[in-house]
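Chemist: Under this note's numbering, the first residue of the sequence shown is numbered 2, with each subsequent residue one higher. Every residue, glycine too, gets a C-beta built ideally from N, C-alpha and C. Predicted, not measured: the structure shown is a model, and the values here were computed from it.
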Amino acid sequence: MTDLQATEPLEKSDAPITNPRAAARAWLEAGRPVAMATVIDTWGSATVRTGGQMAIADVEEFQGSVSGGCVEADVIAAAIDVIDTGKPEILSFGIADETAWRAGLACGGKIRVHIAKLDPQSDLTFLDELDKAAAARKPIVVTTRLADGHREIHDGTASVDPVITEAVRRAQSGVDKDGQNFVHALTPPPRIVIVGATHIGQHLATMATASGYDVKVIDPRTAFANPTRFNPSQLIAGWPEECFKKLTADPFSAVVTLTHVDHIDDEALTIALKSPCRYIGSLGSRRTHAKRVERLKAAGFTDADIARIHAPVGMPIEAVTAGEIATSILAQIIAAFRKEPAAA
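Structure representation (C-alpha cells):
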C-alpha cells in the first residue's frame with residue numbers, strides 16, 4: 002500500500018522536504034524536469050514496498066527511497082538518463098545481480114523499479130489531482146503504461162473496473178496480469194481518531210504520529226484538550242458528535258475511546274459503529290465493557306455490531322503503564338490495518 006500524502010508547503014517551513022512527491026512538485030514549480038522512480042515489484046526481503054517512490058532532479062538532489070539505500074546510486078544514474086531522453090526505463094535488482102551485490106542488496110530481496118520523467122509544462126496538473134484527492138481522503142488509482150509512461154487517474158470509489166476496485170479494497174499496488182501496466186493504489190493515510198485527551202492518549206498520539214498515522218484527538222473537556230498537552234494541529238476540542246462532522250470515519254480510519262467517561266465514549270462508539278472504519282477500540286475492564294454492551298444494545302446495536310469493538314483494548318502484552326498500554330493499542334491498530342480486509 003502506498004498512502005496519499007499531501008505536499009509539504011515550502012512557504013510555511015524551512016524544514017527539508019522529505020516527501021518525494023512534495024519534492025517533485027517543488028522542482029517542477031521551479032521549472033526543472035524530474036524523474037520519478039517507483040518500485041513496481043518486490044520479492045523476498047525487499048525493504049521498500051511496492052509503490053514506494055523516489056524523486057530525482059539531479060545526482061545530488063533526490064528524495065524518497067526505492068530500496069532503503071542499497072541500489073539508489075544506480076537508480077539515480079538511470080534517472081538522469083530518463084530526464085535527458087524522456088524514455089522510461091525499468092531496472093531489476095536481485096541477489097544474483099552483480100549490480101545489486103555491488104550496491105549492497107545482499108539481503109535476499111529482489112526489486113523492479115520503473116523510472117519515468119515528469120515535465121514542468123504538463124505534470125504539475127497531474128500532481129494537483131493527486132494532492133486534491135489526498136486532501137479529501139479520496140482513494141484513487143493511477144495506472145501507468147510501463148512502455149511509455151502514460152498515466153491515467155481513476156476514482157477509487159466510482160470506478161466499476163474490477164482491477165481498480167480490488168486495488169482500492171486491498172490497498173495494494175502491483176503490475177497487472179498482462180504485465181503492461183502498473184496499478185498504483187493511492188489510499189488515504191491511515192488515521193487514528195483518539196477520543197480522550199488523556200495520559201494514555203498523549204503516548205498513543207506521539208507513537209502513532211511517529212509511525213506515520215494521521216492522528217486526531219477529540220475531547221470536550223478543555224482541561225484535557227489543551228494545546229500544551231497535544232500537538233495543536235491534531236487537537237479538536239468538542240463532543241464527538243460535533244467533532245466527527247469535521248472528520249471522515251472511513252475504511253482507512255481507526256477510532257479508539259480513552260476518556261473512561263461513559264457518555265463521551267458511548268457517543269463516539271455510536272458514531273464509529275455506524276461507520277465503515279477499519280478498527281474500533283475502547284478502554285476499560287471486562288466489567289466496564291459488559292455494562293457498555295448493555296447500553297449499546299439498548300441503543301439498538303446488535304451483537305455483530307458490538308463485536309467490532311476491541312475491548313479491553315490493546316494487544317494482551319500485560320501492559321501496565323500509560324506508555325505500555327498505548328503501545329499495546331497501537332500494535333492492535335497496526336495489525337488491523339495490515340490484515341487484508343474481507344471481501345465486500
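(1) Pick helix, strand or coil for Asp132, following the three-state DSSP scheme.
(2) Buried or exposed: where does Gly53 fall if 16 or more other Cβ atoms within 10 Å of its Cβ makes it buried?
(3) According to DSSP, simplified to helix, strand and coil, what is Ile204?
(4) Quick check: what's the CA-CA separation for Val262 versus Ala136?
(5) Can you tell me which residues form a DSSP beta bridge with Gly282?
(6) Along the beta strand (DSSP E) that carries Gln64, what are the first and last residues, could you check?
(7) Apart from the five residues just before and just after Lys340, which ones in its own chain have a Cβ nearer than 6 Å to its Cβ?
(8) Report the rounded CA-to-CA distance for Gly95 versus His115, giving the unit in angstroms.
(9) So Val169 is in the alpha helix (DSSP H); what residue range does that whole segment cover?
(10) Is the distance from the Cβ of Val184 to the Cβ of Thr144 below 9 Å?
(11) I believe His204 touches Ala323 by the beta-carbon criterion, under 8 Å. Please report the beta-carbon distance rounded to the nearest angstrom.
(12) Bridge partners of Met316, per DSSP?
(13) With DSSP run on the structure shown, which of helix, strand or coil describes Gln54?
(14) By DSSP, does Gly324 sit in helix, in strand, or in coil?
(15) Where Leu297 and Pro191 are concerned, what is the direct C-alpha to C-alpha distance, given to the nearest angstrom?
(16) Pick helix, strand or coil for Ala345, following the three-state DSSP scheme.
(17) If we call anything under 9 Å between Cβ atoms a contact, is Pro241 one with Ala269?
(18) Assuming Ile141 and Leu187 form a contact by the criterion Cβ under 8 Å, report the distance between their Cβ atoms to the nearest whole angstrom.
(19) Going by the beta-carbon positions, is the gap between Leu119 and Leu128 smaller than 9 Å?
(20) Give the DSSP-derived three-state secondary structure of Ser234 in the structure shown.
(21) Across which residues does DSSP place Asp156 in a beta bridge pair?
(22) I think Thr210 touches Val216, with their Cβ atoms under 8 Å apart; what is that distance to the nearest whole Å?
(23) Determine which residues share a DSSP beta bridge with Asn227 and list them.
(24) Checking contacts by CB at 9 Å: is Ile195 closer than that to chain B?
(25) Quick check: the stretch 159-177 against the stretch 38-53, are at least 3 beta-carbon pairs closer than 8 Å?
(26) Using the C-alpha atoms, what's the distance from Ala226 back to Ile310?
(27) According to DSSP, which residues form a beta bridge with Ser212?
(28) Determine which residues share a DSSP beta bridge with His264 and list them.
(29) Are Gly202 and Ala327 touching if we call contact CB-CB under 9 Å?
Modeler: Quick look at the numbers:
(1) If you number the sequence shown from 1, residue 132 lands on position 131. In the structure shown, Asp132 sits in a helix (DSSP, three-state: H, G or I).
(2) The residue labelled residue 53 in the question sits at position 52 within the sequence shown. Burial call: buried.
(3) Your numbering for residue 204 matches position 203 in the sequence shown. Sequence check: residue 204 is His here, not Ile. In the displayed model, His204 falls within a helix according to three-state DSSP.
(4) The residue labelled residue 262 in the question sits at position 261 within the sequence shown. The residue labelled residue 136 in the question sits at position 135 within the sequence shown. Their backbone Cα atoms lie some 32 Å apart in a straight line.
(5) Locating residue 282 in the sequence shown gives position 281, where the first residue counts as 1. Its beta-bridge partners are Val257 and His311.
(6) Your numbering for residue 64 matches position 63 in the sequence shown. Run containing Gln64: Glu62 to Gly65, per the beta strand (DSSP E) assignment.
(7) As a first step, residue 340 is located in the sequence shown; it is residue number 339 there, counting from the start. Nothing meets the Cβ criterion.
(8) Taking the first residue of the sequence shown as 1, we reach residue 95 at position 94. Taking the first residue of the sequence shown as 1, we reach residue 115 at position 114. Whole-angstrom Cα-Cα distance: 15 Å.
(9) What you label residue 169 is simply residue 168 of the sequence shown in a count that begins at 1. If you look at Val169, you'll find it in the alpha helix (DSSP H) that goes Pro163 to Arg171.
(10) Residue 184 sits at position 183 when you count from the first residue of the sequence shown. Residue 144 sits at position 143 when you count from the first residue of the sequence shown. Cβ distance < 9 Å, so Val184 and Thr144 count as in contact.
(11) By one-based count along the sequence shown, residue 204 stands at place 203. By one-based count along the sequence shown, residue 323 stands at place 322. That belief holds up - the Cβ atoms of His204 and Ala323 are roughly 5 Å apart, short of 8 Å.
(12) Residue 316 sits at position 315 when you count from the first residue of the sequence shown. Met316 pairs with nothing; no bridge assigned.
(13) As a working note, residue 54 is residue 53 in the sequence shown. Here Gln54 sits in strand by DSSP.
(14) Along the sequence shown, one-based indexing puts residue 324 at 323. Helix, per DSSP.
(15) Here residue 297 is taken as the residue at index 296 of the sequence shown, counted from 1. Here residue 191 is taken as the residue at index 190 of the sequence shown, counted from 1. When rounded, the distance between both Cα atoms is 27 Å.
(16) Locating residue 345 in the sequence shown gives position 344, where the first residue counts as 1. Residue confidence is low: Ala345 scores 46 on pLDDT, short of 50, so the model does not pin down where it sits. No coordinate-derived value is stated.
(17) Residue 241 sits at position 240 when you count from the first residue of the sequence shown. Residue 269 sits at position 268 when you count from the first residue of the sequence shown. A contact, by the Cβ cut-off of 9 Å.
(18) The count along the sequence shown starts at 1 and reaches residue 141 at position 140. The count along the sequence shown starts at 1 and reaches residue 187 at position 186. Correct: roughly 5 Å between the Cβ atoms.
(19) Working through the sequence shown from its first residue, we reach residue 119 at position 118. Working through the sequence shown from its first residue, we reach residue 128 at position 127. Yes, these two residues count as a Cβ contact at 9 Å.
(20) Your numbering for residue 234 matches position 233 in the sequence shown. Of the three classes helix, strand and coil, the one that applies to Ser234 here is helix, per DSSP.
(21) Counting from 1 along the sequence shown, the entry for residue 156 is found at position 155. Bridge partners of Asp156: Ile141.
(22) For this step, residue 210 is matched to residue 209 along the sequence shown. For this step, residue 216 is matched to residue 215 along the sequence shown. Going by Cβ atoms, the distance from Thr210 to Val216 rounds to 5 Å, so yes, they are a contact pair.
(23) Locating residue 227 in the sequence shown gives position 226, counting from the first residue. Looking at the DSSP assignment, Asn227 forms no beta bridge with any residue, so it has no partner.
(24) Given the protein chain composition of this structure (a single chain), no chain B is represented.
(25) The answer is yes - the stretch 159-177 touches the stretch 38-53, with three or more Cβ pairs under 8 Å.
(26) As a first step, residue 310 is located in the sequence shown; it is residue number 309 there, counting from the start. As a first step, residue 226 is located in the sequence shown; it is residue number 225 there, counting from the start. One C-alpha to the other measures close to 24 Å.
(27) Translated into positions along the sequence shown, residue 212 becomes position 211. Partner(s): none; Ser212 has no beta bridge.
(28) Here residue 264 is taken as the residue at index 263 of the sequence shown, counted from 1. Per DSSP, none; premise fails for His264.
(29) Counting from 1 along the sequence shown, the entry for residue 202 is found at position 201. Counting from 1 along the sequence shown, the entry for residue 327 is found at position 326. Note that the C-beta distance between Gly202 and Ala327 is below 9 Å.
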